[in-house]
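Data block below; observations after.
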Amino acid sequence: MRIHYSAASPYVRKCVAVALHHGLPVERVPSNPHLSPDHLLADNPLSKVPSLVTDEGLALNDSPIICEYLDHIGTGPKLFPAPGPARWKALAMAALADGILDAAVGRRLSSQFPQDEGRQKYDARQKAAITRALDALEAGELSGPLDIGKLGVVCALGYLDFRFGQEDWRGGRSKLAAFYEAQLGNRIFADTMPQG
Ligand SMILES: N[C@@H](CCC(=O)N[C@@H](CS)C(=O)NCC(=O)O)C(=O)O
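Printed below as a string of structure tokens:
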């Protein structure tokens, strides 16, 4: 099994964290999606990372699917609860975390474009979405065992620290900040801190 990998990608980080959680061996293939290398395009025509190629040769693209696949074949405690209220809660939190990532990664990419009024409006809209999502997490339930929702939140907060460290997401969100600090003791997060 191999994964197209970037140490800076929070989407890749989610998948690697799930693999580490289950002790699954996954070969990391360095792939810069912005350069669209042939070896990535062969597995993902969208030129995005992560892309996971299973031992059977099936290419899985999009981190939610990859995480669910890895959790399915893994033998550790399940991160995706069985169908029922716990599952929908975990998936809802995972989607909120992915939404933070989509907005933050979009802001990061657009910062390389000319700083015209259109870009500034785009940036303000994405920043506001992130703020609301963080407030919703602060107001929500963060206790209980690690699941795919909480794992996604840790990766999203780690990405905010990594790329937007000058913007204080912890201010006024002591519950979320305490949750994050506690999770950093878990080696699946400590060993996958973003780099690049
Ligand atoms: N929805 C995708 C998003 C993946 C994604 O956008 N990855 C970024 C790297 S952080 C990428 O490959 N960007 C290249 C591009 O958009 O062209 C997922 O969850 O895996």
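Mapped onto this note's numbering, the consecutive letters of the sequence shown carry residue numbers 5 to 200. For glycine and all other residues, C-beta sits at the position ideal for the given N, C-alpha and C. This structure is a prediction, so every number in the text was calculated from the model and none was measured.
- For Pro54, the distance from the CB to the nearest heavy atom of ligand 1 is below 7 Å.
- Relative to ligand 1, His43 has its C-beta separated by 7 Å or more from all heavy atoms.
- Per DSSP, the continuous beta strand (DSSP E) segment holding Arg32 begins and ends at Glu31 to Pro34.
- Taking all protein chains shown into account, Leu164 has 16 or more neighbouring C-beta atoms within 10 Å of its C-beta and is therefore buried.
- Annotation note: the stretch 10 to 50 contains the following uninterrupted alpha helix (DSSP H) runs of length 4 or greater, listed N- to C-terminal: 14 to 26 and 42 to 45.
- Around the Cβ of Leu24, a 10 Å sphere holds 16 or more other Cβ atoms; the residue is buried.
- Ranked by how close their Cα comes to the Cα of Leu39, the residues Glu121, Ser10 and Ala96 have Ser10 in first place.
- Our two residues, Ala143 and Gly153, have alpha carbons roughly 15 Å apart in a direct line.
- In this structure, DSSP gives Arg177 a state outside helix and strand, which the three-state scheme calls coil.
- C-alpha of Asp59 to C-alpha of Asn65: approximately 15 Å in a straight line.
- Annotated three-state conformation of Leu95 is helix, per DSSP.
- 8 Å or more divides the Cβ of Gly176 from the Cβ of Pro198.
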